[in-house]
Amino acid sequence: MALAGCGVYSFTGGGGLPGHVDSIAILPFENQTTQFTLTQELTQKLTDVLPGRLGVRLADERSADAVVRGQITRYNESAVNYQPDPGGPVVFQRRVDISVSVEIFDTTEEQVLWSSASLTASGEYLPDSQTEEVGRQLAIDNLINAIIDGAQSQW
1 MALAGCGVYS
11 FTGGGGLPGH
21 VDSIAILPFE
31 NQTTQFTLTQ
41 ELTQKLTDVL
51 PGRLGVRLAD
61 ERSADAVVRG
71 QITRYNESAV
81 NYQPDPGGPV
91 VFQRRVDISV
101 SVEIFDTTEE
111 QVLWSSASLT
121 ASGEYLPDSQ
131 TEEVGRQLAI
141 DNLINAIIDG
151 AQSQW
């Protein structure tokens, strides 16, 4: 698993969010890649996981105490373990990398609670027995964990 990112962190409440943040809205991420279903996949997974892990309830954008929004900026699938062969390289392992910019915005205080301009996560898979979808889902899971870790950081 590879994660990289930079961000601004400032929280005071339990679960990483300020005490007044009881609800969160998750907006579909703008997708700048050619992987058209990625927005729906990422949004659904964030919706399923984020509220419970942060100890808040899901709400619509107008009534939420905080909003998660971002952009999917890169999707790359590549061979990471292969052997040259006269008939063409033999690939043993492949990796999906997904990069996003993301922020969690406090709508009550009107300030960014946490953001990362370039957060990248990876998912590796074995092409002999698994599909790119496996790597993609692992990368999405790792992205969500990185977003949660960022939101829960006390810096």
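Numbering (the UniProt record's numbering), first residue to last: 1 to 155.
Glycine is no exception: its CB is placed at the ideal position from the N, C-alpha and C atoms.
Just so we're clear, the structure is a prediction, and the values are computed from it rather than from any experiment.
Residues that residue i bridges to, as DSSP identifies them
i	result
residue 119	100
residue 72	31, 100
From the options, residue whose alpha carbon lies closest to that of residue i
i	options	result
residue 52	85, 41, 79, 17	17
residue 108	65, 27, 24, 38	65
residue 55	46, 21, 71	21
residue 81	130, 94, 38, 118	94
residue 45	85, 26, 113	26
residue 60	69, 28, 24	24
residue 128	152, 91, 33, 73	91
Opening and closing residue of the alpha helix (DSSP H) in which residue i lies
i	result
residue 139	132-152
Reduced DSSP category for residue i - H, G, I as helix; E, B as strand; rest coil
i	result
residue 58	strand
residue 106	strand
residue 113	strand
residue 2	Residue confidence is low: residue 2 scores 44 on pLDDT, short of 50, so the model does not pin down where it sits. Its coordinate-derived value is still stated next. In the structure shown, residue 2 sits in coil (DSSP, three-state: anything other than H, G, I, E or B).
Limits of the beta strand (DSSP E) - the one that residue i falls within
i	result
residue 23	23-26
Should the region 114-121 be regarded as contacting the region 85-101, the criterion being three or more beta carbon pairs within less than 8 Å?
-> Contact holds: three or more Cβ-Cβ distances are below 8 Å.
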